[in-house]
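Working notes, beginning with the structure itself.
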């Protein structure tokens with residue numbers, strides 16, 4: 005099974021590599037995000053007359069919003085859409101005949117797209133960003149912590165997307181579910197606004213959900229916030245991510261087993 009998985013991974017990497025030019029377009033669009041954020045927050049900090057807002061220096065605040073696309077580079081997949089389309093079209097019947105389970109096949113597809121994304125989008129864009137607005141807070145250790153948590157964020161996001169894809173068994177059109185997931189990521193995951201600016205009640209709710217471990221927590225390590233110093237904060241975040249991954253994996257397996265036994269494709 006592992007041999008089949010790595011073969012699928014290699015095949016998908018080769019496919020996505022053919023589209024490397026489209027991935028590289030972010031080298032044009034992403035720096036614009038950084039420049040706009042720099043102009044905006046320089047005015048805000050100058051107006052407030054302070055160097056720190058809710059624990060964020062000017063440089064950290066600029067990079068927080070400029071780095072949200074970095075997380076998307078690590079986590080963005082087509083899993084929910086691909087799985088729902090296969091369910092609705094009946095193509096899922098062919099997946100039952102594959103030597104590799106569809107979960108692993110989709111994971112290989114998602115991982116391959118992110119390998120190319122990190123190589124062609126993230127690393128070059130980080131270099132360009134640094135030339136425009138140098139991240140004076142970033143250290144080699146904080147960068148490694150970010151990468152470790154971002155990789156786990158990808159696995160966690162894959163679990164969420166697979167669950168969303170499985171809802172097509174019941175809802176047929178599950179785009180609304182995907183929209184709700186994305187909105188929740190923005191509000192409770194820190195993609196739209198740092199969790200530090202959220203009301204305490206909202207933060208307490210977020211603590212019982214996996215979303216902040218996709219965006220907010222990895223970004224804290226990237227920004228090298230004081231709360232992330234040392235090994236214990238990293239162990240806490242990684243443990244939480246692995247815990248959520250394990251829980252959602254079990255949910256995926258149970259839901260898949262239930263509906264796969266009852267699946268019948270019209271004309272299939």
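Numbering (the working numbering), first residue to last: 5 to 272. Even for Gly, the Cβ is constructed at its ideal location relative to N, Cα and C.
Practice problem: Measuring alpha carbon to alpha carbon, tell me which of 209, 81 and 264 ends up nearest residue 114. | Solution: When each option's Cα is compared against that of residue 114, the closest is 81.
Self-check item: For residue 240, the nearest candidate out of 90, 217 and 259 (CA to CA)
Solution: Residue 217 is the option with its Cα nearest to residue 240.
Quiz prompt | Cβ pair residue 107, residue 227 closer than 9 Å | solution = No. Outside cutoff.
Self-check item: Given residue 156 as reference, the closest of 234, 37, 220 and 57 once Cα atoms are compared
Solution: Nearest C-alpha to residue 156 among 234, 37, 220 and 57: 220.
Quiz item: Hey, out of 174, 70, 99 and 233, whose CA is closest to residue 139's CA?
Solution: Nearest C-alpha to residue 139: 70.
Quiz item: Quick one: what does DSSP say residue 235 is sitting in, helix, strand or coil?
Solution: Collapsing the DSSP output to three states places residue 235 in coil.
Self-check item: Whole-Å CB distance - residue 247 paired with residue 215, under 8 Å assumed
Solution: Residue 247 to residue 215, Cβ: 14 Å. No contact.
Practice problem: Under 7 Å Cβ to Cβ from residue 74, same chain only, skipping five residues before and after it: list those, please. | Solution: Closer than 7 Å at Cβ, skipping near neighbours: 126.
Quiz item: Going straight from the alpha carbon of residue 2 to that of residue 178, what length do you get?
Solution: Here the chain covers residues 5 to 272 and nothing more, so residue 2 does not appear.
Quiz item: Can you name, in chain order, every residue of its own chain whose Cβ lies under 7 Å from the Cβ of residue 168, other than the five neighbours on each side?
Solution: Within the same chain, residue 168 has close Cβ partners 84, 178, 181, 182 and 185.
Practice problem: Return helix, strand or coil for residue 209, following the three-state DSSP convention. | Solution: DSSP, read as helix, strand or coil, puts residue 209 in helix.
Self-check item: Length of the line joining the Cα atoms of residue 262 and residue 251
Solution: If you take the alpha carbons of residue 262 and residue 251, they lie about 17 Å apart.
Quiz item: Which residues does DSSP pair with residue 274 in a beta bridge?
Solution: Outside the displayed span of the chain (5 to 272) sits residue 274, for which this structure offers no information.
Self-check item: Burial state of residue 65, where buried means 16 or more other Cβ atoms lie within 10 Å
Solution: Its Cβ being crowded by 16 or more others within 10 Å, residue 65 is buried.
Practice problem: Could you have a look at residue 105 and say whether DSSP puts it in helix, strand or coil? | Solution: Judged by DSSP in its simplified three-state form, residue 105 adopts coil rather than helix or strand.
Exercise. Within its chain, find whatever has a CB closer than 8 Å to the CB of residue 61; leave out the 5 residues flanking it on each side and keep chain order.
Key: Sequence-distant Cβ neighbours of residue 61 in its own chain, meaning closer than 8 Å and more than five residues away, are 55 and 141.
Quiz prompt | Cβ separation of residue 229 and residue 59, assumed to be a contact under 8 Å, to the nearest whole Å | solution = About 7 Å separates the two Cβ atoms, so the contact holds.
Quiz item: Can the beta-carbon of residue 4 be found closer than 9 Å to that of residue 136?
Solution: Since the first residue shown for the chain is 5 and the last is 272, residue 4 is missing from the structure and cannot be characterised.
Exercise. Given a cut-off of 9 Å, decide if residue 256 and residue 166 are closer than it, judged by their beta-carbon atoms.
Key: In this structure, residue 256 lies closer than 9 Å to residue 166 by Cβ.
Quiz item: Between which two residues does the alpha helix (DSSP H) harbouring residue 196 extend?
Solution: Segment: none, residue 196 is in no alpha helix (DSSP H) and carries neither H nor E.
Practice problem: Apply the 10 Å Cβ neighbour rule to residue 233 and answer buried if 16 or more other Cβ atoms are within range, or exposed otherwise. | Solution: By the C-beta density criterion, residue 233 is exposed, having fewer than 16 other C-beta atoms within 10 angstroms.
Self-check item: residue 140 in three-state terms, based on DSSP
Solution: The three-state reading of DSSP puts residue 140 in coil, since its state is none of H, G, I, E or B.
Quiz item: Do you know how far the Cα of residue 213 is from the Cα of residue 202?
Solution: Between residue 202 and residue 213, the C-alpha separation is close to 15 Å.
Quiz prompt | Among 162, 46, 176 and 63, nearest to residue 117 - alpha-carbon criterion | solution = The shortest C-alpha separation from residue 117 is found at 162.
Self-check item: Beta-carbon proximity of residue 170 to residue 242, cut-off 9 Å
Solution: In this structure, residue 242 does not lie closer than 9 Å to residue 170 by Cβ.
Quiz item: residue 121 and residue 77: beta carbons closer than 9 Å?
Solution: Result yes, Cβ atoms of residue 121 and residue 77 sit closer than 9 Å.
Self-check item: CA-to-CA distance, residue 211 to residue 205, given in whole angstroms
Solution: Roughly 10 Å between the two C-alpha positions.
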